[in-house]
Structures are given as structure tokens and as C-alpha cells.
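Residue numbers (the UniProt record's numbering), protein chains in the order written: chain A, 1 to 332; chain B, 1 to 332.
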């Protein structure tokens with residue numbers, strides 16, 4: 001971390017917290033102006049995602065979960081692109097340098113960097129009079145030309161998602177005291193599970209090699225399944241037909257639907273899932289499924305790619321189409 | 001630019017402005033979640049610098065100069081590390097999507113991307129209720145292990161800077177209506193030159209290969225010559241003796257000193273120079289100087305590296321040491 005723009009006292013404070021995370025030799029112990037990333041012929045996959053206080057997270061979200069979320073949303077992109085994590089740089093815009101905040105933030109970030117094999121390579125710490133902002137650019141490696149794209153889906157391919165969909169958006173509703181908070185008033189465990197899904201995504205990096213080997217197209221689900229699938233279809237020049245009853249849900253989310261507290265339309269337009277949406281050619285599905293099983297990541301077929309350029313359609317029981325009033329969550 | 005977190009209308013607006021900048025095939029026309037940077041055995045040098053409204057730039061700074069400054073402060077780091085620009089990613093935190101601002105911003109950014117051979121690879125656009133923030137992570141290529149470090153300076157080496165020092169900080173003072181603005185009240189050309197140096201740095205990428213081939217240590221001067229030299233010396237485990245009268249100054253800066261409007265101490269602690277500070281072994285200086293001349297970048301010897309661990313000392317006329325009350329500018 002060059003830490004330019006901070007006084008030397010702050011430099012040493014930041015160095016104290018972040019230097020232990022800079023375990024890659026190319027980070028030069030954060031004592032230089034740049035890092036050097038080794039690349040022996042692979043492509044370096046680059047992704048960048050920023051989160052802003054009051055927009056992407058709540059002012060009272062704990063610093064340790066913020067650190068994990070800021071890194072994991074980028075790890076999720078690397079996983080969906082079939083890339084192996086190589087490292088990241090961090091830009092931190094802070095109002096003040098607060099040790100009680102920086103300590104748990106850096107500690108959790110370091111734990112995730114170790115867990116996912118993605119060391120800190122450098123960064124910049126700037127002062128802001130405004131909201132806290134955490135911007136991470138993460139790097140991964142793939143064999144030359146092997147990054148998995150949004151484009152590439154073909155009619156007949158199967159549409160697959162990992163894990164369960166909708167929990168994170170329900171968790172945000174709990175934190176905001178919305179209808180879900182009311183419906184789960186007596187279900188502490190359910191509320192905690194949903195909040196955990198919102199605050200700490202579980203990126204599917206264990207599946208990255210499988211995605212790279214079998215998917216014709218992939219992206220992570222960050223802005224809502226319906227909207228992200230629409231983006232993938234648009235990039236591929238196709239459409240999709242989704243069986244809403246096949247969408248994998250947690251027991252808590254399913255119970256909320258059964259009770260009428262939320263509907264499937266809001267589940268598929270909620271954001272922050274950080275699951276992988278991928279498209280698998282039908283004749284490769286069996287080997288894909290076996291490889292996914294070996295990786296420990298649950299995968300579910302939710303529909304198929306069809307020809308056309310219309311927005312993907314979601315069908316409920318008895319084949320009735322489910323109208324979606326919005327495709328995804330927008331902060332603007 | 002993944003442009004996640006923006007509504008589809010904003011997506012297309014941003015795509016319209018930024019897609020023309022994504023000329024590298026690895027940017028995939030900004031239609032994907034990540035970019036792929038080719039690396040045929042070179043090291044990828046990574047640097048990141050953010051600028052915040054009200055902290056690193058003034059609220060009424062024009063969007064075209066902001067775009068140039070945001071990219072050029074990163075290009076300056078690449079130059080000082082001996083790297084050839086390869087591309088960059090952009091994170092833009094905006095209060096609103098304003099076409100009258102985005103148009104000239106993107107246009108100037110595109111011109112600089114072309115001029116410096118550093119295409120846009122991707123990015124993220126986020127909404128913020130706070131100040132505008134522009135964060136850029138830039139990439140360069142060097143042969144394996146050849147990045148130039150802050151460490152490496154040895155006693156006897158010569159301390160060299162490019163261009164002139166202090167103009168940008170004087171330009172900021174003009175914009176803030178400080179003493180320099182008063183002293184130059186009747187010198188419009190002088191004021192404009194200084195403001196230009198503050199708003200649009202001239203990164204020394206033309207000298208990158210020369211730095212890589214001859215410098216024992218280097219960094220760019222962004223936080224003030226005195227402070228940045230102190231960092232280089234600390235990283236190298238040495239000290240330095242600087243002849244203040246050798247520090248290259250513009251005619252305007254020199255006249256301001258002669259008239260007593262500013263002193264050399266404030267010149268060497270001002271920021272935003274974006275010149276290169278480098279250290280050249282004495283026996284290589286002649287070939288370095290020739291190579292620098294061929295690159296068109298002016299270089300000046302301002303002193304020498306000495307043994308020791310004290311802060312570098314600056315000497316004025318008759319060898320008297322110049323006391324520095326502060327080494328560099330701090331925003332915290």
C-alpha cells in the first residue's frame with residue numbers, strides 16, 4: 001500500500017494493519033509504489049467492484065463482514081469467469097483512521113485472503129469527508145483465452161445456478177425492518193441465516209475450474225437472477241425459459257413464500273446472491289454435474305436457453321408466466 | 001465496465017461514453033464481468049491511486065482535467081517503476097449520472113488512453129451520496145524481475161529529478177486565492193501555467209525504459225520532493241544531501257522565490273509534481289543522461305546519496321542547511 005496522501009503517522013498505522021496481508025513476494029511488503037504480478041503465459045483476469053456506505057452496505061454493518069464482502073464480491077466474479085485468484089489491490093476511502101474499525105477490518109480481510117489464496121498486493125488509502133468506500137480490484141489466472149464469458153450460450157443449453165437464490169435480499173429486508181423482519185419475528189435462526197447471506201457472501205471459487213471446463217457462458221448473480229440472466233442472454237444473443245419452481249431456495253425462503261410474505265418475483269429480482277449462473281451444453285451436463293459434486297458446490301438446473309431476443313421468461317405452476325415488474329435492484 | 005449496480009438506462013449511457021475507450025481486445029467491449037490481460041512472461045506492474053473531490057481536487061475543477069489527472073497520476077507511477085502501460089480499470093463514484101459531466105470526462109480520458117497507450121479494460125460505476133471519487137488501477141509490463149524499486153539507492157549514487165519542481169503546489173495556491181495568487185495578480189500567463197501543472201500532470205512515461213535500464217531506485221514525486229526522497233532513502237537504508245540551488249524550477253517559481261513570495265522549503269514540500277525522482281550510479285550517469293536526452297525528458301542532478309539513516313538534508317547558499325518544518329503534504 002503506497003499510502004500516499006496520508007501523514008507518516010497514519011502510514012505506519014496502516015502499514016501495521018495491512019502489511020501482514022501482503023504475503024505475496026510481488027507486494028514488496030507494501031514498501032513500494034506498485035506491485036509486480038508474475039504471469040507465466042497465463043491471462044490475468046481483472047475485475048473491480050466497489051461498495052459504498054449507505055448504498056451497498058449499512059452504516060452499522062460490522063467492519064469484519066464489510067471486509068469479507070468487499071473481497072468476496074470480487075472473488076465471486078473470478079469464480080464465474082473460471083479464474084484462480086492471484087491477488088488484489090484495495091482502495092479505502094476513510095473519514096478518519098479509527099483503530100477500532102481498522103483492526104477487525106484488516107484481520108477479517110487477511111483471513112479471507114488466506115482462505116481464498118488471494119493476497120493483498122497494494123492499494124491506496126484516501127481521506128474523504130463523505131461515506132466510507134471500499135474498492136477492490138482482484139486478479140486471477142486462466143490459461144490463455146480460457147476466461148469464461150457472458151456470451152456463448154446456445155439454444156438447448158441448460159441454465160444452472162449454484163446454492164440458493166434470494167436469501168441475501170431477504171436478509172437486507174430483515175436489517176431494514178421490512179416485511180420479512182415481521183414475518184420472521186419469532187424465528188431468530190432464520191433471520192440470522194438471511195442476514196449472514198447478505199453480509200458475508202460465499203463465493204463459489206471451488207467451482208471455478210469446473211466452470212472453465214464445461215460452461216458455454218457464466219456470470220455471478222449479484223443484481224438479481226432475472227436481471228443477470230437477461231444480461232447473459234443479451235450478450236449471447238439468446239433468450240431463456242426458466243421453471244420458477246426449480247429455483248433452489250433455502251427452507252426459510254421457501255417458508256416465506258408458502259406463507260405469502262414474499263413472492264418468487266421478488267426473490268428473482270433481489271440482489272447480492274453471489275452465486276454462479278452458468279449455461280451448460282446438454283451433452284456435457286452429466287460430467288459437469290459429477291465434477292460439481294466433487295467440488296462440493298450444489299448446482300441446480302432451472303431451465304433452458306431458447307432462441308430469440310426477448311427477456312428471459314419465468315414460468316410458475318401449470319406453465320403460467322410470472323410477470324416481473326423489475327428485473328434487478330438498482331442503486332441509482 | 002460491468003456497470004453492475006446501475007439501472008439498465010444508466011448502463012447504456014455509461015457504455016456509450018466508455019465503450020469507445022475499451023480498445024484492447026481483452027476488454028471485451030465492456031460487455032463482460034472482467035477483463036483479460038495478456039502477459040507473455042512479463043511481470044504485470046500494478047498501481048492504484050484514487051482522487052476525491054474536496055481532498056485531491058476542487059469541486060469546480062473541469063471534468064476533462066480530472067479525467068487526465070486521475071489517469072496520469074497512475075501513469076506516473078508506472079513510468080517511475082520502469083513499466084510500459086498496458087491498460088487500466090476505473091471505479092467512478094458519482095452522485096448523479098450527468099451527461100454534461102460524463103461527456104468531456106470520457107472524451108479526455110479516451111484521448112489520454114490513446115496518447116499513453118493505456119486502454120480502458122473495465123471498471124465499476126457506483127452511486128454515492130458523498131463526494132465524487134475517481135479510483136484507477138493501472139497496469140504496466142516489465143521484463144521479469146525488472147520493476148524499479150524505492151530500495152536500491154547506494155551511497156555515492158546521484159539524485160536526479162525530471163522537469164521542474166513545485167509548480168503544481170503553487171498552482172493549487174493560485175486556485176485557492178493564496179499568497180501566490182496575490183503575487184501573480186498581474187501575470188495571467190504565469191498563473192495559467194501553474195494551474196495547468198496542478199490540474200494536468202505530465203507523466204514521464206517517455207523515460208520509463210531509461211529508468212529501468214539505469215536507475216538503482218526510483219519513485220514519482222507526488223507528495224513533495226522532500227517527503228518522497230525521505231521515503232526512497234528509508235526504503236534504501238540511506239540518506240541524501242541535496243543542493244537546494246540545483247533543484248530545477250520554472251521561471252515563474254524562481255521569480256516568486258526571488259521576490260520572497262514563497263521559499264524553497266515550501267517548494268520542496270508541496271505536492272502533485274508527478275516528476276520522477278531517481279537515483280543513478282555515478283559511473284552510469286553519462287549514458288543515462290544521453291539516453292534521457294534522446295527521450296526528450298529534461299533531467300537534473302540535485303545531490304547525492306550518503307550513508308546514514310537521517311532524513312535527507314537540503315543545503316542552500318554557502319552550505320547552510322535549510323530547515324524543513326514539514327516534509328510533505330498530508331490530507332488527513
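Don't be surprised by glycine CBs; every beta carbon is placed ideally from N, CA and C.
Pairwise C-alpha distance: residue j and residue i
i: residue 214 of chain B; j: residue 294 of chain B; result: 14 Å
i: residue 139 of chain A; j: residue 221 of chain A; result: 19 Å
i: residue 307 of chain B; j: residue 149 of chain A; result: 54 Å
i: residue 24 of chain B; j: residue 39 of chain B; result: 13 Å
i: residue 147 of chain A; j: residue 118 of chain A; result: 18 Å
i: residue 51 of chain B; j: residue 209 of chain A; result: 37 Å
i: residue 88 of chain B; j: residue 122 of chain B; result: 7 Å
i: residue 44 of chain A; j: residue 22 of chain B; result: 17 Å
i: residue 73 of chain A; j: residue 217 of chain A; result: 19 Å
i: residue 26 of chain A; j: residue 211 of chain A; result: 28 Å
i: residue 319 of chain B; j: residue 157 of chain B; result: 20 Å
i: residue 284 of chain B; j: residue 290 of chain B; result: 10 Å
i: residue 230 of chain A; j: residue 266 of chain A; result: 16 Å
i: residue 261 of chain B; j: residue 178 of chain B; result: 10 Å
i: residue 334 of chain B; j: residue 28 of chain B; result: The structure shown has nothing for residue 334 of chain B, since chain B only spans 1 to 332.
i: residue 275 of chain B; j: residue 296 of chain B; result: 14 Å
i: residue 326 of chain B; j: residue 79 of chain B; result: 27 Å
i: residue 18 of chain B; j: residue 55 of chain B; result: 25 Å
i: residue 185 of chain B; j: residue 95 of chain A; result: 36 Å
i: residue 180 of chain B; j: residue 142 of chain B; result: 41 Å
i: residue 232 of chain A; j: residue 114 of chain B; result: 30 Å
Among the options, nearest to residue i - alpha-carbon criterion
i: residue 144 of chain A; options: A:83, A:250, A:230 and A:255; result: A:83
i: residue 234 of chain A; options: A:309, A:28, A:65 and A:110; result: A:309
i: residue 31 of chain B; options: B:120, B:112 and B:322; result: B:120
i: residue 227 of chain B; options: B:51, B:311, B:216 and B:18; result: B:311
i: residue 248 of chain B; options: B:231, B:284 and B:225; result: B:225
i: residue 90 of chain B; options: A:74, A:47 and A:200; result: A:47
i: residue 300 of chain B; options: B:269, B:325, B:246 and B:264; result: B:246
i: residue 268 of chain B; options: B:291, B:242, B:260 and B:292; result: B:242
i: residue 182 of chain B; options: B:259, B:223, B:291 and B:325; result: B:259
i: residue 99 of chain B; options: B:13, B:239 and B:263; result: B:13
i: residue 263 of chain A; options: A:211, A:324 and A:80; result: A:324
i: residue 93 of chain A; options: A:316, A:26, A:78 and A:134; result: A:134
i: residue 195 of chain A; options: A:57, A:96 and A:18; result: A:57
i: residue 200 of chain B; options: B:251, B:219 and B:61; result: B:61
i: residue 305 of chain B; options: B:198, B:237, B:251 and B:321; result: B:237
i: residue 159 of chain B; options: B:317, B:20, B:180 and B:244; result: B:244
i: residue 197 of chain B; options: B:95, B:142 and B:174; result: B:174
Exposure label - residue i; buried when at least 16 CB within 10 Å
i: residue 16 of chain A; result: exposed
i: residue 273 of chain B; result: buried
i: residue 4 of chain B; result: Because the pLDDT at residue 4 of chain B is just 40, under 50, the model does not fix this residue reliably, and the point stays unresolved.
i: residue 129 of chain A; result: exposed
i: residue 131 of chain A; result: buried
i: residue 176 of chain A; result: exposed
i: residue 124 of chain A; result: buried
i: residue 303 of chain B; result: buried
i: residue 41 of chain B; result: exposed
i: residue 137 of chain B; result: buried
i: residue 287 of chain B; result: exposed
i: residue 239 of chain B; result: buried
Residues of its chain near residue i, where Cβ-Cβ distance is below 7 Å and the 5 sequence neighbours each way are ignored
i: residue 59 of chain A; result: 53
i: residue 75 of chain B; result: 85, 116, 118, 138, 203 and 205
i: residue 292 of chain B; result: 207, 210 and 299
i: residue 20 of chain B; result: 110
Cβ neighbours of residue i in the same chain (closer than 6 Å, five flanking residues each side left out)
i: residue 270 of chain B; result: 166, 169 and 224
i: residue 112 of chain A; result: 68 and 71
i: residue 77 of chain B; result: 47 and 220
i: residue 49 of chain B; result: 73 and 74
i: residue 81 of chain A; result: 45, 147 and 148
i: residue 313 of chain B; result: 241 and 321
i: residue 250 of chain A; result: 164 and 167
Beta-carbon contacts of residue i that lie in its chain and below 8 Å, excluding the five residues immediately before and after
i: residue 317 of chain B; result: 245
task: Pair every Cβ in the stretch 275–283 of chain B with every Cβ in the stretch 148–168 of chain B, then say whether three or more of these pairs are closer than 8 Å.
output: yes
query: So, do the stretch 186–195 of chain B and the stretch 241–255 of chain B have three or more beta carbon pairs nearer to each other than 8 Å?
result: yes
field: At least three beta-carbon pairs within less than 8 Å, the stretch 158–166 of chain B to the stretch 51–69 of chain B
entry: no
message: Under 8 Å: do the stretch 32–51 of chain A and the stretch 103–118 of chain B share three or more Cβ pairs, one atom per stretch?
response: no
message: For the stretch 91–104 of chain A against the stretch 170–183 of chain A, do three or more pairs of beta-carbon atoms, one drawn from each stretch, fall closer than 8 Å, so that the two count as touching?
response: no
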